[in-house]
Amino acid sequence: MSTGTDRGRAPADEVRALLEEHGRTLAREAGITLRDKPAPLFQLLVLTLLASTRISAGVAVATARELWAAGWRTPTRLLGSTWQERVDALGRGGYRRYDESTATRLEELCHRLEQDHGGDLRRLRPPTAVT
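Numbering-wise, the sequence shown is residues 938 to 1068 according to our numbering.
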């Protein structure tokens, strides 16, 4: 029976070994504790958006931490900020070259998430029926 890895370890053991060898994840560095709740899933989406630009992972992580420090850990909280407040927080994190467009993209993302999924990424896919 295959364990899903080339080294013969269970997948969870493989993940632990990789983390021991290579360090922490970007999510952990950004202060995101992953669990099945809306806020950390939203934070992971924001970190992904930040890291998707031509900018270093360190700057993306620092910028995410600035957003969390401002209290914007949910779409509702982020929508309570002004565009200028977001630009300023992005700049403090080092995200200066893309701060204005990203401030707009974050707002659009939050509006869409609130309107289409009630602010909860777990609602992207309906639960599967158990038969």
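Just so you know, even glycine gets a beta-carbon here, dropped at the ideal spot from N, CA and C.
For the structure I just gave you, are there three or more beta carbon pairs, one from the segment 1030–1050 and one from the segment 991–1008, closer than 8 Å?
yes
Of the residues H959, D1057, H1054 and R1034, which one's Cα is nearest the Cα of R991?
R1034
Grouping DSSP H, G and I as helix and E and B as strand, with all else coil, what is D973?
coil
Looking at C-alpha atoms only, which residue of W1005, R1042 and R1049 is the closest neighbour of G968?
W1005
Tell me which residues share the same chain as A1040 and place their Cβ nearer than 7 Å to its Cβ, disregarding the 5 neighbours each side in the sequence.
W1020, R1023, V1024 and L1027
Taking only the alpha-carbon atoms, compute the straight-line gap between Q980 and R953 and give it to the nearest angstrom.
23 Å
Between S1038 and L971, what straight-line distance do the alpha-carbon atoms span, to the nearest angstrom?
27 Å
Alpha carbon to alpha carbon, how far is W1009 from A947?
37 Å
Relative to the C-alpha of R1002, which candidate in G1017, L978, T1013 and A964 has its C-alpha closest?
A964
From which residue to which residue does the alpha helix (DSSP H) around G1008 run?
Taken as a continuous stretch (DSSP letters only), G1008 belongs to no alpha helix (DSSP H), as it is neither H nor E.
Could you check what DSSP says for T1013 in three-state terms: helix, strand or coil?
helix
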